[in-house]
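Single-structure report; data block below.
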Amino acid sequence: GPFPAVEADSLSLADMRAARSKHTPFLGGLRSLKSVTFSSLSSLTVAYEFLCHLSVDQLDKVEIEEGEDPLVCDRPADIPAIRGVGCPHIYRLVCGGLSSKAGVTDSIKLALVLRPAHVELEAWLDENELEGESEDDRLDDLHSFADECAEQAAPHYTVKERECNEYSASLTLKLAAK
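The opening position of the sequence shown corresponds to residue 1 in the working numbering, with each subsequent residue numbered one higher.
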């Protein structure tokens, strides 16, 4: 192909809108890749499509950082229920800077498809994301949301660590494959 094999062990991609097929030959040449970072990603579907085009069998780490726009599966139907044949085995999936409950649950959806060995999710939820008038109510909502996340991941993951902070409305979840 026109692209030489690229000896890169990490790849950082900002602001990708779509994993266009013109990237495919280039991605196929990235044989020594160990980690991929997506920043300012607007869609988890893009990350999924991109990863499926890679020719490596495994990655140590995939990191997804939410950008200005909240991160969601804009086309959840495009993310299949099971991992694509071409998707590499991922040791650690890290999704950070999430600002909405939907972003968190969609990140778990992505994890359930990619099936990394470990998942780390970090969210600083916008104020309007938590229900309740008082701080106690909002903390309750944060905890029950964390419970929902654990339940959503439960078929394949165990929660190893969970942290809820009502002051910053932040939620950290660390999951390990069963």
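We put the CB at the ideal spot given by N, CA and C, even for glycine. Just so we're clear, the structure is a prediction, and the values are computed from it rather than from any experiment.
Given a cut-off of 8 Å on the beta-carbon distance, is the pair residue i and residue j in contact?
| i | j | result |
| --- | --- | --- |
| LEU125 | LEU175 | no |
| LEU98 | GLU122 | yes |
| CYS87 | LEU110 | no |
| GLU63 | VAL104 | no |
| ARG92 | PRO116 | yes |
| ALA150 | CYS164 | no |
| ASP106 | LEU44 | yes |
Could you give the C-beta distance for residue i and residue j, rounded to a whole number, given that I count them as a contact under 8 Å?
| i | j | result |
| --- | --- | --- |
| LEU59 | ILE90 | 5 Å |
| HIS53 | LEU112 | 20 Å between Cβ atoms; not a contact. |
| SER39 | SER10 | That belief does not hold up - the Cβ atoms of SER39 and SER10 are roughly 13 Å apart, past 8 Å. |
Look up residue i in the DSSP assignment and say whether it is helix, strand or coil.
| i | result |
| --- | --- |
| ASN128 | helix |
| SER99 | coil |
| ASP9 | coil |
| ALA179 | Because the chain in this structure spans residues 1 to 178, residue 179 falls outside the shown range and cannot be described. |
| SER107 | helix |
| CYS149 | helix |
| VAL113 | helix |
| SER21 | For SER21, the predicted structure reports a pLDDT of 48, less than 50, and the residue's modelled location is therefore unreliable. A value from the coordinates is still provided. It is helical. |
| GLU49 | helix |
| ASP140 | helix |
Strictly by DSSP, which residues pair up with residue i?
| i | result |
| --- | --- |
| LEU93 | VAL62 and VAL119 |
| CYS164 | LEU171 |
| TYR157 | ALA177 |
Rank the options by C-alpha distance to the C-alpha of residue i and give the top, closest one.
| i | options | result |
| --- | --- | --- |
| ALA169 | ARG92, LEU142 and ALA150 | LEU142 |
| ASP57 | GLU161, ASN165, GLU151 and LYS34 | LYS34 |
| SER55 | THR45, ARG31, GLU65 and GLU49 | ARG31 |
| GLU66 | GLY96, CYS52 and VAL46 | GLY96 |
| SER154 | PHE38, GLU166, LEU173 and VAL36 | The sequence given here has Ala at residue 154, not Ser. It is LEU173. |
| SER134 | GLU166, THR158, HIS118 and LEU44 | GLU166 |
| ASN128 | ASP136, LYS101, ASP140 and HIS118 | LYS101 |
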